[in-house]
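Protein chains: 2
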Amino acid sequence: MKKYSTKTWLLTASDLEEILIQTGPNRFIDLLIERLTRGLENFDSSSLEIPIRTGFNYQAAPEGLVEFMPVHEKGKEVVLKVVGYHPHNPDLFDLPTILSNITTYDTKTGHLKTIMDGVLPTALRTAAASAVASRAMAKPGSEKLGLIGCGAQAVVQLHALSRLFPLKSIWIYDIDPKAMDNFQDRIEGLELDVNLIRSDIETIVDTVDILCTATSIGVNEGPLFEHYNCQPHLHINAVGSDFPGKLELPRNLLLESTVVPDFREQAKIEGECQQLQDTEIGPDLKQLISQPITWKTIQKGMSVFDSTGWAYEDQIVANLMEELGRALGVGQGIHLENVSSDVKNPYHFISKPVQV
Amino acid sequence: MKKYSTKTWLLTASDLEEILIQTGPNRFIDLLIERLTRGLENFDSSSLEIPIRTGFNYQAAPEGLVEFMPVHEKGKEVVLKVVGYHPHNPDLFDLPTILSNITTYDTKTGHLKTIMDGVLPTALRTAAASAVASRAMAKPGSEKLGLIGCGAQAVVQLHALSRLFPLKSIWIYDIDPKAMDNFQDRIEGLELDVNLIRSDIETIVDTVDILCTATSIGVNEGPLFEHYNCQPHLHINAVGSDFPGKLELPRNLLLESTVVPDFREQAKIEGECQQLQDTEIGPDLKQLISQPITWKTIQKGMSVFDSTGWAYEDQIVANLMEELGRALGVGQGIHLENVSSDVKNPYHFISKPVQV
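So the protein sequences, as listed, match chains G and C.
In case it helps, our numbering puts the first sequence at residues 1285 to 1640.
In case it helps, our numbering puts the second sequence at residues 1285 to 1640.
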């Protein structure tokens, strides 16, 4: 019998940072955009099971949720992201709004193959998804990007989009002036040649070619704006709407736009698609990416990528992180699962060895 | 702002073994039986959310499943066990049938508090649950224990029951003669003063006071026996039935017995309760334990504990492991989650520090 490896590959927060530093952030995000694009082009719904995320949400102070986002690639693996969303984390605990981890399992045995931080991968895959969607839907050569909400997501959205578009001016707004004050510092490491312009929401919406909304607007407090006189080709990556009742965009704008959800069934519950009938929703992301012939038409009009977060994106980023980590020797193998030399004895460590 | 600890307490396989060795297996299982009993007595359904486990199961070679078992104690924590069940693991890969891990989350923030092996805790909590159920339902002073299926579960079932009953003779059967051959060796460390008697299923059923069935019988291949002429007070811990169509006991025996499920809704789908109508099922375990006045009557007749595995048991064993681990200094704190000093910058490690 060939001995099965029972080590779990552990990638901590600093391991993932090390992978990005050694790979180079630009090369990493380019790789991720490429993998996600290929994954969407080749999406095989007969081999992938992706249920809607489920979990627990609570209003009890402080409000939040812990949810489970699994994906099953038949004959290969299960990937699970556990994600916590607690909007008061930055203010109350100096913690990110989103905390999470990702685990992957070999479906031959149920063995836990890897465990890694999910915070950085979530940020990166969300940004990569916006880039992939924008390449299909936004005006090629777009130079003006708007960021409403200048938190963690805005940094990586800007980074990913800068790899596909010749961005020149970045129009920013945040309800917290401090987030605008230090945005320049936070993107310093990206070494982008762009102008940052502080503005108000209405001006941004009416000016830019591409807009990313990534706010913590409260349930039933949206949309972020009502009236608009935007570019005829405006493309919006709507990232913040990911909870029932949490909406960033006005319904009228959605009706004028091609609306592409990342995961249709989930977006109808948690995303901007909450505001739409089935017939008012466009193709989903995997349909869009597998039909490049439709892109040119969509690029001429208004479009919205309704990004609620999809476990398939987590699988792709987790696999890339693990692959790079193993190649670079970053991370460590640990014996997490109790797998004794005598599988029929949970007390092998207090008993004498069994003759087999 | 008080700084929130963002370390995750990691308990590997050998850490959990160390906790058991330092605590002493007897003291550990006594503590666990005690905690579980108190937890069931004080079970507060208004503060605990425990959904039926869900996940992926597959027939593709080799067959198996990966499932998610969460519990939410409101205002405190979420505990998640991910469990793989792959019955061909021992034969194909020299791995245990069950592989799993347990993670716990602070619901204030979503922070991952602990990650630990789930293999050993699953074995221990399943055994402790049988002990708790048997104390309520089996004849006090029972001396004869039957074990049908002599795998990993049988070892810990025997151990837990030996702490509550003056066991003298242990009647064993396994479809694999080797599992009977080396059973004595596997329980050596428990230092029990018992006689092991190899027997056949029918003799065991008709002889013993308490019976534990923990087999890997296939779907639609049960029950393990049809006819019986057992003790009028026979109590059975039915551990093996935990999958649709997987059954160990004949329906007639269930109808003659008080049948107590660990988790009613799940047992009706996966346990012996699949064979019963609602009205044919007795109180569930938490009802039974909180009503000791009913025990004496139940002890006089036949009874079955339909043990399918319950996330609440996982929470209790995980909390006990973590508590002992921290007290003994076993385990280590790791920075798994990417939590930077600048929560609004996922790229803090490539940017210059932000002035706050």
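Quick reminder that beta carbons are idealized off the backbone N, C-alpha and C, glycines included.
Taking the C-alpha atoms as reference points, what is the distance between residue i and residue j?
i: L1518 of chain C; j: P1424 of chain C; result: 11 Å
i: F1308 of chain C; j: L1612 of chain C; result: Here residue 1308 of chain C is Gly; the residue named in the question, Phe, does not match the sequence. Roughly 13 Å between the two C-alpha positions.
i: L1316 of chain G; j: L1476 of chain G; result: 19 Å
i: G1359 of chain C; j: N1513 of chain G; result: 45 Å
i: P1380 of chain C; j: P1405 of chain C; result: 14 Å
i: K1452 of chain G; j: V1478 of chain G; result: 5 Å
i: I1313 of chain C; j: L1408 of chain C; result: 7 Å
i: S1624 of chain G; j: H1632 of chain G; result: 7 Å
i: K1428 of chain C; j: I1459 of chain C; result: 21 Å
i: L1620 of chain C; j: P1545 of chain G; result: 31 Å
i: G1506 of chain G; j: N1341 of chain G; result: 20 Å
i: R1319 of chain C; j: D1598 of chain C; result: 12 Å
i: F1327 of chain C; j: R1548 of chain C; result: 15 Å
i: G1368 of chain C; j: T1398 of chain C; result: 19 Å
i: F1471 of chain C; j: G1473 of chain G; result: Looking at the sequence shown, residue 1471 of chain C is not Phe but Ile. So the alpha carbons of these two residues sit roughly 60 Å apart.
i: G1323 of chain G; j: I1481 of chain G; result: 35 Å
i: G1593 of chain C; j: L1569 of chain C; result: 12 Å
i: G1566 of chain G; j: V1543 of chain G; result: 5 Å
i: T1391 of chain G; j: V1439 of chain C; result: 27 Å
i: D1526 of chain G; j: H1395 of chain G; result: 31 Å
i: E1607 of chain C; j: N1385 of chain G; result: 22 Å
With residue i and residue j assumed to form a contact (beta carbons below 8 Å), what rounded beta-carbon distance in angstroms separates them?
i: D1590 of chain G; j: A1522 of chain G; result: 5 Å
i: A1412 of chain G; j: A1444 of chain G; result: 5 Å
i: L1364 of chain G; j: P1354 of chain G; result: 5 Å
i: T1393 of chain G; j: F1377 of chain C; result: 6 Å
i: D1484 of chain C; j: Q1515 of chain C; result: So it is not a contact: roughly 17 Å between Cβ atoms.
i: Q1558 of chain G; j: L1531 of chain G; result: 7 Å
i: T1388 of chain G; j: A1602 of chain G; result: 6 Å
i: I1501 of chain G; j: G1529 of chain G; result: About 10 Å separates the two Cβ atoms, so there is no contact after all.
i: L1304 of chain C; j: Q1616 of chain C; result: Wrong, their Cβ atoms sit about 18 Å apart, outside the cutoff.
i: V1588 of chain G; j: L1538 of chain G; result: 6 Å
i: I1582 of chain C; j: L1495 of chain C; result: Contact flag wrong, Cβ pair sits at about 16 Å.
i: F1509 of chain C; j: V1489 of chain C; result: 6 Å
i: A1463 of chain G; j: I1573 of chain G; result: Actually they do not touch by this definition, with Cβ atoms about 32 Å apart.
Count the other CB atoms, across all protein chains shown, that sit within 10 Å of the CB of residue i; report buried if there are 16 or more and exposed otherwise.
i: S1418 of chain C; result: buried
i: Q1441 of chain C; result: buried
i: N1629 of chain G; result: buried
i: S1414 of chain C; result: buried
i: N1622 of chain C; result: buried
i: L1300 of chain G; result: buried
i: P1461 of chain C; result: exposed
i: A1345 of chain C; result: exposed
i: R1311 of chain C; result: exposed
i: K1552 of chain G; result: buried
i: R1337 of chain G; result: buried
i: H1356 of chain C; result: buried
i: K1580 of chain G; result: exposed
i: L1290 of chain G; result: Note that residue 1290 of chain G is Thr in the sequence shown, not Leu. That one is buried.
i: T1563 of chain C; result: exposed
i: I1577 of chain G; result: exposed
i: Q1575 of chain G; result: exposed
i: H1511 of chain C; result: exposed
With H, G and I counted as helix, E and B as strand and the rest as coil, what does DSSP make of residue i?
i: Y1596 of chain G; result: helix
i: Q1468 of chain C; result: helix
i: D1490 of chain C; result: helix
i: I1303 of chain G; result: helix
i: T1290 of chain G; result: coil
i: G1339 of chain G; result: strand
i: S1500 of chain C; result: coil
i: N1479 of chain G; result: strand
i: L1248 of chain G; result: This structure cannot speak to residue 1248 of chain G, because chain G is shown only from 1285 to 1640.
i: F1633 of chain G; result: coil
i: F1509 of chain G; result: coil
i: T1410 of chain C; result: helix
i: N1622 of chain G; result: coil
i: V1403 of chain C; result: helix
i: P1380 of chain G; result: coil
i: D1390 of chain C; result: strand
i: D1590 of chain G; result: strand
Just checking residue i against the ligand FAD - is the residue's beta carbon closer than 8 Å to any of the ligand's heavy atoms?
i: L1560 of chain G; result: This structure lacks the ligand FAD; in fact it carries no ligand of any kind.
Residue ranges of each beta strand (DSSP E) run of no fewer than 3 residues wholly in the region 1414-1452 of chain C, ordered along the chain?
1428-1432
Which runs of the alpha helix (DSSP H), 4 residues or longer, sit entirely within the region 1518-1586 of chain G?
1535-1540, 1548-1554, 1569-1573, 1579-1584
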